[in-house]
Structure formats: structure tokens, C-alpha cells
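Visitor:
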Amino acid sequence: AARGVFAMEALWSRFLPAVTALRSRLATGRIGEIRRLRADLSYVHPQEPGSRFFEPALGGGAALDLGVYPLSIALHLLGRPERVEGRWRAAASGVDLRSEFVLHYPGATAELSCGFDRDGANLLLVEGSDGALRIEAPFLKAQRLTHFASGALATPWPEREGPALLRKLLARLPLPGVRRESFPFPGNGLQFQAQAVMAAIRAGATSCETMPLAESAAVLGMIEAVLAQPPATAAR
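Residue numbers for the sequence shown follow the working numbering, so the first one is 6 and each next one is one higher.
1) Between which two residues does the beta strand (DSSP E) containing residue 105 stretch?
2) My assumption, with CB atoms under 8 Å, is that residue 79 sits in contact with residue 117. Please give the rounded CB distance.
3) Please name the residue, chosen from 53, 215, 231, that lies closest to residue 121 on a Cα-to-Cα basis.
4) Measure how close the beta-carbons of residue 131 and residue 42 come, nearest whole angstrom, since I'm counting them as under 8 Å.
5) What does a CB cutoff of less than 7 Å around residue 97 pick up in its chain, not counting 5 residues either side in sequence?
6) Quick check: what's the CA-CA separation for residue 240 versus residue 9?
7) Per DSSP, residue 238 is paired with what?
8) Answer yes or no: do residue 67 and residue 140 have a C-beta to C-beta separation smaller than 8 Å?
9) Below 8 Å on the Cβ atoms is my contact criterion, and I expect residue 58 with residue 227 to pass it. Report the Cβ-Cβ distance as a whole number of Å.
10) With a 10 Å radius around its C-beta and 16 neighbouring C-beta atoms as the bar for buried, classify residue 220 as buried or exposed.
11) What span of residues does the alpha helix (DSSP H) with residue 226 cover, start to end?
12) Given a cut-off of 8 Å on the beta-carbon distance, is the pair residue 19 and residue 215 in contact?
13) Looking at residue 56: is its Cβ nearer than 8 Å to the Cβ of residue 224?
14) In its own chain, which residues sit with a C-beta less than 6 Å from the C-beta of residue 129, not counting the 5 before and 5 after it?
15) Per DSSP, which one or two residues make a beta bridge with residue 115?
Below is the structure:
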């Protein structure tokens, strides 16, 4: 920035229309005071020799590969936390196979997880005093936002369990107190990030307010702080 050069982390999920809509709904108090944010991003990856996912020299590990997304979205929606706690479990190569974070805010928490050990819920749920909002799986490529008039309607925390047909029906049937919105887009979704970058550069900016470098550094700081702790010995 000091040299007048534009710089930004390419964390494209922040720019998706569904995420923009979620942030707007929260800012206008759609679900009242925010109490809790939960997000999980987990996909099975076999621990194969030479895999970049498990190679320390290549920045391997679940937190750096997947955890940056829920952490960054949490900061985007809730701001900087007062305190961060976490734990991680090691893969055979020494990188984190699974990591969990708890971000503490005044009156609220963000509970985040990521891993290569399982296929997770891959959802993002924000619970408030007057309801809940959920980005449906996969929230990494957010296209569906569900509004629950009561937080109880959004629980239990959905997992990839139970009859597939039943889960599909429940996700599509009209239900009292549940409103669904769709934000489809062509391609892979990178176009929204590209448009924001072009607009910022044309305006003469050296950064993008949607994805400031300070928040990229904050996310890495949280990951480094948790991974500096000894790994947990038991799986959760």
C-alpha cells in the first residue's frame, strides 16, 4: 500500500451474494442480537505420502487449507474477537488433521471447525435472540440462505447423517417459520471477487474494504496461536 500497489487476499467466499445478504440481514437486526455463530468446513483427505494437504513445507494442514474460510467469515460478520481458544489434532506428518476454534465476543461466541478427517456439515449458522440464519452446504460456495423465525427450528446442528431422501425433503418442503432464499450464480463464483478488485483499483484504492489485509493477518495470527499449543491426544 505504501508504494501504491493494490494488495488483497483472494478469499473469494466473502464476496458471494449470499454472504453479502447474510451480513446485511445481521446488520439490520433480522434475528435480533447475535448469540452464536457456528461453522464447519471438513472434507476427507487420505493421508498419502507427498500430499500437499499434509506436507508441512507446502503449508499443509486443515487450518491453513480450510480453517481460513470460517475464521475469515466470522471476522467479516462479527468483527475482531476479544479472546480466541482452540485445539487441534495432529496427522501423521505433524500438521493438523483437525482444528477447532472458539472466538469470544461480548455476549456471543463463534464456534468453528475444520478437518481432513471427515465430511462435515459444511454449513454456517448464526443464532440470534429472535431467530437464526443459515447458509446451506457448502457454505464455501454459498448459494442458499435460510431464515428461521425461531432458533429452535434451526437445530439440531445438521450432519451428513440420516436418510438422504428425508434430508433432501426437509431442505425443500415449505415449513412454518422457515424462509429460504437462493442466490445462484454461473461458474465458480470467483467473478464477484474480481469485480470488487477491479472497482477498487479503478477508484485508486490499494486495498479492498470487504477483505482488508489487517483481517487476513488477524486470521493467520489466530491459527498460529492455536497451532502453537500441543496437539490434543484424543479425537472429538
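Each residue gets a CB set at the ideal place from its N, CA and C atoms; glycine is no exception.
Guide: Well, looking at it:
1) Its beta strand (DSSP E) spans residues 101-110.
2) Going by Cβ atoms, the distance from residue 79 to residue 117 rounds to 6 Å, so yes, they are a contact pair.
3) With distances taken between Cα atoms, residue 121 lies closest to 53.
4) Between residue 131 and residue 42, the beta carbon gap of about 5 Å places them in contact (Cβ cut-off 8 Å).
5) The residues are 52.
6) Residue placement at residue 240 is poorly supported in this model, since its pLDDT is 46, which falls under 50; the coordinates still yield a value, given next. Residue 240 and residue 9: Cα-Cα distance of roughly 47 Å.
7) In the DSSP assignment, residue 238 is bridged to no other residue.
8) Not a contact, by the Cβ cut-off of 8 Å.
9) Taking a contact as a CB-CB distance under 8 Å, the pair residue 58 and residue 227 does not count as one, their CB atoms being some 20 Å apart.
10) Flag for residue 220 reads buried.
11) Element bounds for residue 226: 218-232.
12) Yes.
13) Between residue 56 and residue 224, the C-beta gap is not smaller than 8 Å, which leaves the two residues out of contact.
14) Counting only Cβ-Cβ distances below 6 Å, and skipping sequence neighbours, we find 44, 140, 144.
15) 42, 108, per the DSSP bridge assignment.
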